[in-house]
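**Student:**
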Amino acid sequence: FPQDLSKHIAGLSYEVSLLDKRWTHLFFAKYFAYDASVTSFDYNGGSDKELFYQDTNDNAWAFGYASTLLLPRKYSLKFSLENAARLPEALEVLGNGNTILNSPNLQPERSLNVNASIQKNIEGNFQNLDLGLNLFFRNTENFIWLGEGYQLGTTKYENLGKTRTIGFEAEANYSRKKGFEASVNFTYQDIRNMQRFETNGAPNHVYKDRLRNTAYIMGNAEVRLFLDEMFRIKPKVSFFASTHYVHQYYLGRPSLGNPSQKMYIPTQFVQDAGLGYAFGQGRYSVNASCRNILNKQVYDNFLLQKPGRFFSLKLRYFLH
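To convert, note that position 23 of the sequence shown is 163 in this note's numbering; the numbers rise steadily by one, no gaps.
Next up, the structure:
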């Protein structure tokens, strides 16, 4: 049955530059609103389901401040503070018509977000290195997440009263002017349920527990070679190899049940590689890649198995 969702977003920002544009300040405000018409069913005391439309709407304001300071020796500091809001997405409100039911009563997320980062650039005659470290904090109300499963394999998105996120991201990007690039990044995020009491007033047994079914340690690395630049040949030939890591985490509530019998998403460590070839001044190109080279078992965050090793070939031709 037809369902509708419309969003309205407006923003205003003001920027100030000081110290010969080496220190910038950005002040901003945002307004979010949405209207949804969602189908619902009810038996109304009878044996036949009755379809009716439930109209819902909500709005939220957001305010924030961000600053960037450029320091000597190519250091830069960034800081941001935002009283943020996030509207539900179409999938979250309307469902997918199959396994995800609609959620007409979803409320927007509201959160206090704090970010602080430091970046360093090291540049030489033939190489360049960028280093970055970002710390983040989120204190969120009405966190939107996919709820527990219902009968017949269905589920829907719900609001979780309060959550707190603390974590950091680190990255390094290296490049040589003749044909070589490498990058690595690492993320740690500690997301906790901070709802002390249930809606009925009972103590929350998973208070300060990590969110279920949510990864908290992740990393990626990639190396890319541009063979045409390294060996000074005309056709453009490139090669890449990458690896992806996700640390083991529990499918259900981490603090409940016997650890030896709990279901979990196992640690995943997957490698990819590919080769690209372009000629005719870039008019023709062929790209071949192999994902999950070692054919390991990999999963998404619901312990559903993903495909194993697979190959892909991409051909491209520019008409002009």
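The C-beta atom is built at its ideal place from N, Cα and C for all residues, glycine as well.
Any chance you could list the beta strand (DSSP E) runs of at least 3 consecutive residues sitting entirely within the stretch 307-370, in chain order?
**Tutor:** 320-333 and 357-366
**Student:** Could you round the C-beta distance between P296 and L241 to whole angstroms and report it? I think they count as a contact, below 8 Å.
**Tutor:** The amino acid at residue 296 is misidentified as Pro; the sequence shows Lys. With 8 Å as the limit, K296 and L241 qualify as a contact, their Cβ atoms being about 4 Å apart.
**Student:** CB-CB under 6 Å to A322, same chain, minus the five flanking residues each way: which ones, in chain order?
**Tutor:** Y314 and V363
**Student:** If we ignore side chains and look at the alpha-carbon of each, how far apart do L455 and E263 end up?
**Tutor:** 36 Å
**Student:** Write down the C-beta distance between Y215 and K170 rounded to the nearest angstrom, noting that I regard them as a contact closer than 8 Å.
**Tutor:** About 30 Å separates the Cβ atoms of Y215 and K170, ruling out a contact at the 8 Å cut-off.
**Student:** What residue ranges within the stretch 141-188 form continuous alpha helix (DSSP H) runs of no fewer than 4 residues, ordered along the chain?
**Tutor:** none
**Student:** With DSSP as the reference, identify every bridge partner of E229, one or two as the case may be.
**Tutor:** Partner(s): none; E229 has no beta bridge.
**Student:** Do V324 and A342 come within 7 Å of each other at the CB atom, strictly closer than that value?
**Tutor:** Against a cut-off of 7 Å, the Cβ pair of V324 and A342 comes out as no contact.
**Student:** Cα separation between Y290 and T383?
**Tutor:** Between the alpha carbons of Y290 and T383 lies a distance of about 36 Å.
**Student:** Looking only at its chain, what residues have a beta carbon closer than 6 Å to the beta carbon of I258, apart from the 5 residues adjacent to it on each side?
**Tutor:** L217 and L273
**Student:** So, at 7 Å on beta carbons, what are the nonlocal neighbours of L252 in its own chain, with the 5 sequence-adjacent residues on each side left out?
**Tutor:** N223 and N279
**Student:** Quick check: what's the CA-CA separation for P212 versus N282?
**Tutor:** 42 Å
**Student:** Between the stretch 393-406 and the stretch 334-350, are three or more C-beta pairs nearer than 8 Å?
**Tutor:** yes
**Student:** In the structure shown, what three-state DSSP assignment does Y300 receive?
**Tutor:** The question names Tyr, but residue 300 is Leu in the sequence shown. The three-state secondary structure of L300, taken from DSSP, is strand.
**Student:** So R350 and T303 are supposed to be a Cβ contact under 8 Å. How far apart are they, rounded?
**Tutor:** Not really, about 10 Å apart at Cβ, beyond 8 Å.
**Student:** To the nearest angstrom, how far is it from the Cα of N255 to the Cα of Q421?
**Tutor:** 44 Å
**Student:** Is S382 helix, strand or coil by DSSP?
**Tutor:** strand
**Student:** I'd like the list of long-range same chain contacts for R226, defined as Cβ closer than 7 Å, with 5 residues on each side in sequence excluded.
**Tutor:** P248 and E249
**Student:** Kindly indicate which residue of G359, F366, W285 and T208 has the alpha-carbon position closest to the one of R162.
**Tutor:** Among G359, F366, W285 and T208, the Cα nearest to that of R162 belongs to T208.
**Student:** Output the distance between the C-alpha atoms of V386 and L365, rounded to the nearest integer angstrom.
**Tutor:** 25 Å
**Student:** If you drop the 5 nearest sequence neighbours on each side, which residues of the same chain put their C-beta closer than 6 Å to that of G235?
**Tutor:** L241 and N242
**Student:** Tell me whether the beta-carbon of R316 lies closer than 7 Å to the beta-carbon of Q267.
**Tutor:** Cβ distance < 7 Å, so R316 and Q267 count as in contact.
**Student:** Under three-state DSSP, which class holds Y204?
**Tutor:** What sits at residue 204 in the sequence shown is Gly, not Tyr. Strand at G204.
**Student:** Between the Cα of N441 and those of Y390, D198, S220 and L269, spot the shortest distance and give me the residue it belongs to.
**Tutor:** Y390
**Student:** Less than 8 Å between the CB atoms is what I'm expecting for N435 and R449, so what's the real figure, rounded?
**Tutor:** 4 Å
**Student:** Keeping to the same chain, check which residues put their C-beta closer than 6 Å to that of A206; ignore five residues upstream and five downstream.
**Tutor:** L166 and S220
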